[in-house]
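Here is the structure we will look at.
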Amino acid sequence: MKPRRFDYVRPDSVEEAVAVLAEHGDAASVLAGGQSLMAMLNLRIAEPAVLIDIARLKELDYIRVDGDTVEVGAAVTQNRLKDWPELAARLPLLAAALPFVGHFQTRNKGTVCGSLAHADPSSEIPLSLATLGGAVVLRSHRGTRTLAAPDFQLGMLTTAREPDELITAARFPIQATKRVAFREVARRHGDFAMIAVAAVADGKGAVRLGVGGMAGRPMVRSIDGDARDAIGAWANDLEGYEDLHASAALRRDLFRNLAPLVIEEAKKCAA
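Residue 1081 is where the sequence shown starts when you use our numbering, and the numbers rise one by one after that.
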């Protein structure tokens, strides 16, 4: 199949992009890397009347340190962030997770904020944002607002972005510890994860644990004490979901076995 007809707009500024969104609302879609959207257009899952291409907006193409936060603009590709020289020192969890995102070719086009906008519950970048306690910046003609990860991603492929809002950046808190680990189980490297698990240890016995693929969005919980008992109870609380990749029961079983390994790996990392 091929996309339905649409108008194509390549704005020269964020202000122009926001103005087009204000005019067209639900009838518009935003294109950055297109790794998810182009497939949806071809399958006619998405049928926008207007396509707004922000990929070449220089004002959205930045990675900058702002106090205790790394802010990533909406035009930054996944490979550009992966190759950022300060990534391992500032955001070691993302440094561990980004190699699992798709393949080299797709990371050259796919954007960090595009992955957040797509809101797949198994995706590595939304899981990393949630585990780190990050946030998403949205802009419209009404102004700018910032939403914490759990307030932004509401469910499977569903976010709190209003039809007239443009995601302009993602904010990742700079990590005070390098005690991190990230693992996932997929049929092949680069495929959608059946289960992805991220951990950040504080060096005092507590771990912030995130899991993707067990619910409609990434779930995060602090684990202190007997990890296996806590993980087993949490797995029972999470319903899981079923798709072509795995059943809910398989996902729960994978989580019960993978999470303790990730926690142990994080705790053993040098500070």
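Here a beta-carbon is modelled for each residue, glycine too, at the ideal position from N, C-alpha and C.
Excluding the 5 residues preceding and the 5 following residue i in the sequence, name in chain order all residues of the same chain whose CB lies nearer than 6 Å to its CB.
{"i": "S1116", "result": "H1198"}
{"i": "D1133", "result": "R1090 and L1111"}
{"i": "V1217", "result": "T1226, T1248 and A1249"}
{"i": "R1170", "result": "V1150 and I1254"}
{"i": "L1318", "result": "M1294 and A1295"}
Considering only C-alpha positions, which residue in the set the options is nearest to residue i?
{"i": "V1192", "options": "R1222, I1247 and P1201", "result": "I1247"}
{"i": "A1107", "options": "S1202, Y1088, V1291 and M1236", "result": "Y1088"}
{"i": "A1315", "options": "F1335, V1300, Y1321 and A1154", "result": "F1335"}
{"i": "T1238", "options": "L1289, G1296, R1267 and E1264", "result": "G1296"}
{"i": "A1154", "options": "A1177, V1110 and S1327", "result": "V1110"}
{"i": "A1261", "options": "P1298, D1163, G1290 and Y1142", "result": "G1290"}
{"i": "H1273", "options": "D1148, D1092 and L1207", "result": "Checking the sequence shown, residue 1273 turns out to be Ala, not His. Out of D1148, D1092 and L1207, L1207 has the C-alpha closest to the C-alpha of A1273."}
{"i": "L1131", "options": "M1118, V1152, R1222 and V1265", "result": "M1118"}
{"i": "A1129", "options": "Q1185, R1136, R1085 and T1149", "result": "R1085"}
{"i": "L1212", "options": "T1257, A1240 and E1245", "result": "T1257"}
{"i": "Q1255", "options": "G1320, P1172 and F1232", "result": "P1172"}
{"i": "R1267", "options": "D1148, G1114 and A1326", "result": "A1326"}
{"i": "D1244", "options": "E1096, F1232, G1292 and G1105", "result": "G1105"}
{"i": "C1349", "options": "M1236, D1092, G1283 and A1177", "result": "G1283"}
{"i": "R1259", "options": "G1285, P1201 and A1240", "result": "G1285"}
{"i": "L1234", "options": "R1222, R1263, S1220 and L1196", "result": "L1196"}
{"i": "M1236", "options": "E1322, K1162 and A1313", "result": "E1322"}
{"i": "A1177", "options": "G1190, L1324, R1222 and R1263", "result": "R1263"}
How would you write the range of the beta strand (DSSP E) that residue i sits in, first residue to last?
{"i": "P1253", "result": "L1246 to P1253"}
{"i": "R1219", "result": "A1215 to S1220"}
{"i": "T1224", "result": "G1223 to A1228"}
Apart from the five residues on each side of it in sequence, which residues of its chain come closer than 7 Å, Cβ to Cβ, to residue i?
{"i": "A1175", "result": "L1167 and A1168"}
{"i": "G1214", "result": "A1229, A1250, R1251, F1252 and P1253"}
{"i": "V1181", "result": "Q1158, R1187, E1204 and I1205"}
{"i": "A1126", "result": "S1109, L1117 and M1120"}
Can you list, in chain order, the residues of its chain whose CB lies under 8 Å from that of residue i, leaving out five sequence neighbours each side?
{"i": "V1287", "result": "A1279, V1280, A1281, S1302, I1303, D1304, A1307, I1343, A1346 and K1347"}
{"i": "P1340", "result": "A1307, R1308 and I1311"}
{"i": "R1124", "result": "M1081, P1083 and R1084"}
{"i": "N1122", "result": "M1081, K1082 and P1083"}
Can you tell me whether residue i is helix, strand or coil according to DSSP?
{"i": "Q1185", "result": "helix"}
{"i": "V1145", "result": "strand"}
{"i": "Q1115", "result": "coil"}
{"i": "F1262", "result": "strand"}
{"i": "E1151", "result": "strand"}
{"i": "T1157", "result": "strand"}
{"i": "R1336", "result": "helix"}
{"i": "L1131", "result": "strand"}
{"i": "L1234", "result": "strand"}
Hey, could you find the ends of the alpha helix (DSSP H) residue i is sitting in?
{"i": "I1311", "result": "A1307 to D1317"}
{"i": "R1288", "result": "Not the alpha helix (DSSP H): R1288 falls in the beta strand (DSSP E), residues A1286 to G1292."}
{"i": "L1170", "result": "Looking at the sequence provided, one finds Arg at residue 1170 rather than Leu. It spans L1167 to R1170 - the alpha helix (DSSP H) in which R1170 sits, taken as one unbroken run."}
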